[in-house]
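Here's the structure, in structure tokens; my notes come after.
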Amino acid sequence: MKILHTSDWHLGQRFHEQGRQADEEYALQQIIDICAQQEIDVLLLAGDVFDTANPGGEDQRRYYRFLHRVVMEAGVQQVVVIAGNHDSSARIDGPSDLLEICRVHAVGAFTLDDPLEKCLIPLFDRSGVERVRCIALPYLRDGDVRKASAGEDAHASASAHIQAVIQRFSDVRNSVGCDLPVLVMAHVFAAGNCTGDGHERPIQMGGLGYVPIEAIAGDAAYVALGHLHRPQAVGGQEHWRYSGCLLPTGFDELDQAREVVVVDISDEGMTKYERHALTPYRRMQRLRDAPDALRAAVQSLPAITDDEPSAWLQVTICSGQPEPSLRLELTALAESRGWKVLEVRLELPSKRTEKRTRDEKEEADDTSTQPSINLSDPHAVFTHLLERRHYVDEEGFLLAEFQKVREVMDDLLERK
Ligand SMILES: [Mn+2]
């Protein structure tokens with residue numbers, strides 16, 4: 000059987016105030032083409048279909064039109080969709096009975112009240128014989144998997160949440176009840192439990208809990224994960240993968256690959272996997288340099304013609320002093336070449352480049368050289384942060400805004 004794994008579409012997401020309907024359409028069309036060319040049997044969409052719980056009508060229509068086309072035009076036999084943390088699980092569940100007619104299986108909510116079978120999807124070959132059993136596990140919120148006890152602290156509740164997710168998964172796994180290869184799909188933050196030198200990592204890492212991948216992968220033929228935006232294998236296993244997101248959700252994601260994964264599964268398990276790169280709809284780029292070098296860099300951007308989609312740019316100005324007119328100058332210069340500047344940032348390069356490594360090292364392991372700040376004084380902490388991050392707070396604008404936020408917070412806390 001041939002399986003295509005995609006996830007994290009985030010349909011309807013706005014990118015620096017810009018809509019990206021055309022970018023989404025372009026990417027989805029490529030997935031449809033890959034499905035047709037590769038004769039895909041089953042398409043897996045591993046969560047975060049929409050960017051918000053209340054997506055716009057057009058964004059929903061894009062999703063349903065895709066499902067319709069991938070089955071009717073591209074010849075896909077079955078589709079399995081799970082809800083991610085960005086999705087409303089009720090919205091994903093809502094049309095599920097109707098979607099079954101088109102062999103689209105949507106699993107939104109999975110609470111303790113739901114039967115385990117809700118997550119078990121039989122996958123059939125073209126002659127109608129079941130060949131693979133799919134475990135489709137949507138994003139599980141704390142309240143979906145356990146009842147919190149009164150007075151537990153954040154750390155205890157995060158730990159208990161993860162334990163409950165693992166337990167819930169193991170209950171589903173134990174109910175599979177057949178010897179067919181198992182395909183696991185989940186929207187979850189999963190990571191390798193083993194560092195490679197035989198040391199177990201703690202389950203809690205900097206407050207971010209993750210599920211040890213081994214606990215959900217087991218002996219699965221393939222694990223199709225959603226949630227992390229960078230495509231990657233997990234736990235050193237090529238058949239435990241995040242396919243990554245459809246479009247970059249920030250300029251800092253531009254260097255990440257955009258891809259879908261095509262997997263061949265036989266009775267013995269995964270026999271082959273291929274990563275298929277997606278071509279971006281528009282050019283996007285980030286430039287970071289000193290003012291003169293930036294002028295030159297913007298000037299040498301490839302010219303965008305009228306029949307191409309407008310290209311998007313992020314500019315970081317590295318300068319020791321404020322450059323009030325440079326923003327407008329660069330924006331105009333970029334526009335003359337068909338590029339739209341979506342974000343301009345200012346960075347003080349000398350301090351940053353010289354001190355960066357040392358600073359970060361100090362931050363990590365040497366507290367003795369850090370100035371002592373009074374942690375119970377929010378004003379002092381904020382000022383220290385500005386200094387540390389090398390922000391230039393001209394005329395105390397940021398401090399004033401911070402003061403406003405504090406007043407609102409104090410107000411809210413008092414009312415409570
Ligand atoms: Mn997610």
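So for the sequence shown, numbering that gives the first Met the number 0 puts the first residue at 0; every next one is plus one.
We put the beta carbon where it would ideally sit given N, CA and C, even for glycine.
Item                                                                                                                                                                   : Value
Whose C-alpha, out of 9, 7, 37, is nearest the C-alpha of residue 263?                                                                                                 : 37
Per DSSP, what are the beta-bridge partners of residue 263 in this structure?                                                                                          : 1, 271
Report the residue from 259, 388, 329 whose alpha carbon sits nearest the alpha carbon of residue 286.                                                                 : 329
Which runs of the alpha helix (DSSP H) at least 4 residues long sit entirely within the segment 270 to 307? Give them in chain order.                                  : 290 to 298
Based on DSSP bridge pairs, tell me the residues matched to residue 133.                                                                                               : 120, 182
Between the segment 58 to 69 and the segment 268 to 288, can you find at least three pairs of beta-carbon atoms closer than 8 Å?                                       : no
Let me confirm a value: residue 6 is counted as buried when at least 16 other C-beta atoms fall within 10 Å, else exposed. Which label applies?                        : buried
Would the C-beta of residue 160 count as close to ligand 2, meaning under 6 Å from any of its heavy atoms?                                                             : Absent from the structure shown: ligand 2. Ligands present: ligand 1.
Across which residues does DSSP place residue 316 in a beta bridge pair?                                                                                               : 288, 345
Can residue 134 and residue 171 be called in contact, C-beta distance under 7 Å?                                                                                       : yes
Spell out the partners DSSP gives residue 258 in its beta bridges.                                                                                                     : 276
Quick one, are the C-beta atoms of residue 101 and residue 69 less than 7 Å apart?                                                                                     : no
Could you tell me whether the Cβ atoms of residue 223 and residue 43 are closer together than 7 Å?                                                                     : yes
Would DSSP call residue 49 helix, strand or coil?                                                                                                                      : strand
How big is the Cα-Cα spacing for residue 493 and residue 271?                                                                                                          : Here the chain comprises residues numbered 0 to 415, so residue 493 is not present and cannot be evaluated.
How far does the beta strand (DSSP E) with residue 209 in it extend, from its first residue to its last?                                                               : Unbroken run through residue 209: none, as it is neither H nor E.
Would you grab the beta carbon distance between residue 187 and residue 138 for me? Rounded to a whole angstrom, and I think it's under 8 Å.                           : 7 Å
Between the Cα of residue 337 and the Cα atoms of 180, 164, 281, which residue gives the shortest distance?                                                            : 281
Round the Cβ separation of residue 0 and residue 122 to the nearest angstrom and send it over; I've been treating them as touching at under 8 Å.                       : 7 Å
Relative to the C-alpha of residue 12, which residue among 86, 75, 163 is closest?                                                                                     : 86
Using a Cβ-based criterion (distance less than 6 Å to any ligand heavy atom), does residue 40 qualify as near ligand 1?                                                : no
Count the other CB atoms, across all protein chains shown, that sit within 10 Å of the CB of residue 283; report buried if there are 16 or more and exposed otherwise. : buried
Which of the three DSSP states, helix, strand or coil, is assigned to residue 364?                                                                                     : Below a pLDDT of 50, predicted positions are generally treated as unreliable, and residue 364, at 46, falls in that range; the measurement from the model is reported next regardless. Helix.
Whose CA, out of 158, 144, 291, 114, lies closest to the CA of residue 315?                                                                                            : 291
Any heavy atom of ligand 1 closer than 6 Å to the CB of residue 86?                                                                                                    : no
Quick one: give me the first and last residue of the alpha helix (DSSP H) that residue 44 is part of.                                                                  : From DSSP, residue 44 is part of no alpha helix (DSSP H) but of the beta strand (DSSP E) over 41 to 44.
Apply the 10 Å Cβ neighbour rule to residue 77 and answer buried if 16 or more other Cβ atoms are within range, or exposed otherwise.                                  : buried
Taking 6 Å as the limit between beta carbons, can you name the residues of its chain near residue 250, skipping five residues before and five after?                   : 285, 313
Kindly indicate the opening and closing residues of the beta strand (DSSP E) around residue 223.                                                                       : 221 to 225
Quick check on the burial criterion: 16 or more other C-beta atoms within 10 angstroms. Buried or exposed for residue 395?                                             : exposed
Measuring alpha carbon to alpha carbon, tell me which of 253, 226, 75, 109 ends up nearest residue 240.                                                                : 226
How would you label residue 211, buried or exposed, when you count the other beta carbons within 10 angstroms and need 16 or more for buried?                          : buried
Taking the C-alpha atoms as reference points, what is the distance between residue 298 and residue 331?                                                                : 11 Å
Going by DSSP, what residue range makes up the alpha helix (DSSP H) through residue 328?                                                                               : 325 to 335
Whose C-beta lies closer than 7 Å to the C-beta of residue 54 among residues of the same chain, with five residues either side of it excluded?                         : 10, 11
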